[in-house]
Amino acid sequence: MGQEIELTTEQGERFRAYLAGSDESRGGILILHEWWGVKPHNRQWADQFADSGFQALVIDLYDSRVTDDAEQAAQWMREIDQQTADRKLIAAIEHLSGKGRKIGVYGCSFGGKQAMQASLLKPELVDATALAYCRMETDPSKLAHLQGPVLAIYAEQERNWPDKQQDFEQAMSEAGKLTESITYDAAHGFTNPTSPRYDETADRSSWQMIVDFMQREIAE
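For the sequence shown, our numbering begins at 32 and goes up steadily by one.
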């Protein structure tokens, strides 16, 4: 089990985080929550990464707000101050990389978008990015700054698949960057055990893919 900690941005803003795993771990993983806020399964992801030998950090971009209501979650997502969120992302990455370890980032949906944002904010410190069923960055000039590969996981039942996958792969190719793609015949939210769209088989399979990817890119 991990522990609740508090981090501080360079401008003195304090925010909550959940840290799991040993300080001696060779790889660190930053986890970004979905639009609901930090929920128990996000902390469970951190614990599972820790069991696989990583140090994992879940940060709270919503200042302790959590909901099960989709309309409320959508409102919070729209209203987020991205500049403040960016400072939190930077502080979290710098905290994880303090001992010179390699860093990976992971998120689903809103968290996937924020994971890519973290990778683009600190490309010199992020060695691997894993995203699941999120809005994808498709500007090759931005993606060109990435320093590590991207594992992109897609839900085939989303309305914008396969266009989303094709557009991202094309943008990554134009940027000269590496991406791995995995698709599942599942709906948006299939990794969230509290969602009616949860798919245990797809969740277990994709999780193993993510762990293998992180082991290969940041733990060896």
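Every residue gets a Cβ at the ideal spot worked out from N, C-alpha and C, and that includes glycine.
Three-state class that DSSP yields for residue 136 in the structure shown: The count along the sequence shown starts at 1 and reaches residue 136 at position 105. Strand, per DSSP.
Distance, Cα to Cα, residue 240 vs residue 127? Working through the sequence shown from its first residue, we reach residue 240 at position 209. Working through the sequence shown from its first residue, we reach residue 127 at position 96. Rounded to the nearest angstrom, the two C-alpha atoms are 22 Å apart.
Contact under 8 Å by Cβ, residue 244 with residue 152: Walking along the sequence shown from the start, residue 244 turns up at place 213. Walking along the sequence shown from the start, residue 152 turns up at place 121. No, the Cβ-Cβ distance between residue 244 and residue 152 is not below 8 Å.
Residues of its chain near residue 150, where Cβ-Cβ distance is below 7 Å and the 5 sequence neighbours each way are ignored: Numbered from its first residue, the sequence shown carries residue 150 at position 119. Answer for residue 150: 136, 157, 160 and 177, listed in chain order.
Could you check if residue 105 is buried or exposed, using at least 16 other CB atoms within 10 Å of its CB as the buried criterion? Within the sequence shown, residue 105 is the residue found at index 74, counting from 1. That one is exposed.
For residue 111, which three-state DSSP category applies? Sequence index remark: in the sequence shown, residue 111 carries index 80 (1-based). Three-state DSSP puts residue 111 in coil, outside helix and strand.
I need the boundaries of the alpha helix (DSSP H) containing residue 53, first residue and last residue. Sequence index remark: in the sequence shown, residue 53 carries index 22 (1-based). That residue, residue 53, is in no alpha helix (DSSP H); it is neither H nor E in DSSP.
Leaving aside the five residues before and after residue 108 along the sequence, list all residues of the same chain whose C-beta is less than 6 Å from its C-beta, in chain order. Position 77 of the sequence shown, counted from the start, is the residue given in the question as residue 108. Cβ neighbours of residue 108 beyond the five flanking positions: 66 and 141.
Would you call the region 190 to 197 and the region 223 to 236 in contact, with 3 or more CB pairs under 8 Å? no
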